[in-house]
Structure formats: C-alpha cells, structure tokens
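A.B. asks: Numbering (this note's numbering), first residue to last: 1 to 181.
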C-alpha cells in the first residue's frame, strides 16, 4: 500500500518523514467560502480512508482538538453515504476515549500535539491538521491555505504506521474539488 502511494508522483524525503503535496482547491473570498472548502476537503479525505472495522458507510466521529486555523465550523462534507459526527475535546480527555475515528488537530501546545500523535500510532485513527503546513509533526494529512487556495500534504510515513488504509487516489481530491487540472 505504501509503495503504491509513492508511485502517484514525486515525493519529498527527509530523514524524519516523507510528504507529498496534492493539488489545490480555489477558495471563495469569504469565511463561508473557506469553511465550505475545508469541509469538502476533509470530507473527501475521510471518504478515501478505510477502517479495519468494516463498512465505508459507517458514521465516523471526528474529535476536534485545539483551535482550527482555517475554520471554526467543522462539518465534513464528503461524497457518498459516509457521515461524520463532530465533537470538540481537549487534548487531556481525548486519549481516554475510544470513539474518535478522526482527530482534527488545530492550534495547540507542541507537547499536547506530540502526545496525541504518539497515542494515535498503531490505532485506526485518521489524523488531519491545519496547523502544520509542512506536515512534519506526525499528522497524516496537513491542510494549508495560500493565496486564495486550499491544498493539503500527505505524510506517507504517518499513514504507513497505522492500520488505516488510504486509497492512493486521495491525491486527486484537490483536482476533483475544483482545483486546477
């Protein structure tokens, strides 16, 4: 699986991680436009993840920790029948829970981020952040806002450490969501 992700395109490699940038989605110039773009992109990413427990149509729980940078109105909107229930938690309480399928990491203390990323390793939990554009702190997907566009990077090492399966076509989300072709 990890090898097939490498075949999608050129990747940037450092000793700590391997990240790959995806296409961009043009964002309407408004807070609503950014919220829609983020929710569409997050929903698309979730739709390409497969949890070991089964059905792709199961309702997934996204735990939002910290303060998201791009939008405070998280409501992932993806293709298909997958629905996402959003819960806001703090870093101290999330590790005691077993119902978070997705962690969305906003701005938070670096110690909390490290603790959460370490806790996730080996668990079937999708990690997404909008507070690490370079994707170097261990999340699987990292959203970035630049010049009226939203893009994401994929941390292949983080994906390879867990039991989730990510369809290699995830790198086409940016194009299908309205970005350049």
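Idealized CB from N, CA, C, for every residue including glycine.
It should be emphasised that the depicted structure is a prediction, and the values quoted were computed from it without experimental measurement.
Among 109, 44, 92, which has the Cα closest to the Cα of residue 77?
C.D. replies: The option with the nearest alpha carbon to residue 77 is 44.
A.B. asks: Decide if residue 129 is buried, meaning its Cβ has at least 16 other Cβ atoms within 10 Å, or exposed.
C.D. replies: That one is buried.
A.B. asks: By how many angstroms is the C-alpha of residue 135 removed from the C-alpha of residue 65?
C.D. replies: If you take the alpha carbons of residue 65 and residue 135, they lie about 17 Å apart.
A.B. asks: Going by DSSP, name the residue or residues bridged to residue 62.
C.D. replies: Beta-bridge pairing links residue 62 to 86, 102.
A.B. asks: Report yes or no: do three or more beta-carbon pairs, one from the segment 157-164 and one from the segment 79-91, lie closer than 8 Å?
C.D. replies: No, they do not touch.
A.B. asks: Applying the 10 Å Cβ sphere with the 16-neighbour rule, what's the burial state of residue 122?
C.D. replies: The residue in question, residue 122, is exposed, as its Cβ has fewer than 16 Cβ neighbours within 10 Å.
A.B. asks: Look at the alpha carbon of residue 59 and the alpha carbon of residue 74, and state the distance between them as a whole number of angstroms.
C.D. replies: Going by the C-alpha atoms only, they are around 15 Å apart.
A.B. asks: Restricting to runs no shorter than 4 residues, where is the alpha helix (DSSP H) found entirely within the segment 120-169?
C.D. replies: As far as the segment 120-169 is concerned, its whole alpha helix (DSSP H) runs of at least 4 residues are 156-160.
A.B. asks: If you measure from the beta carbon of residue 105 to each beta carbon in chain C, is any gap under 8 Å?
C.D. replies: The structure shown contains no chain C; it holds only a single protein chain.
A.B. asks: Relative to the C-alpha of residue 92, which residue among 46, 86, 127, 113 is closest?
C.D. replies: That would be 113, whose Cα lies nearest to the Cα of residue 92.
A.B. asks: Could you work out which residue in 62, 55, 35, 132 is closest to residue 109 when comparing CA atoms only?
C.D. replies: Cα-wise, what sits closest to residue 109 is 132.
A.B. asks: By the DSSP assignment, the alpha helix (DSSP H) with residue 93 in it spans what residues?
C.D. replies: Counting along the chain, the alpha helix (DSSP H) containing residue 93 begins and ends at 91-94.
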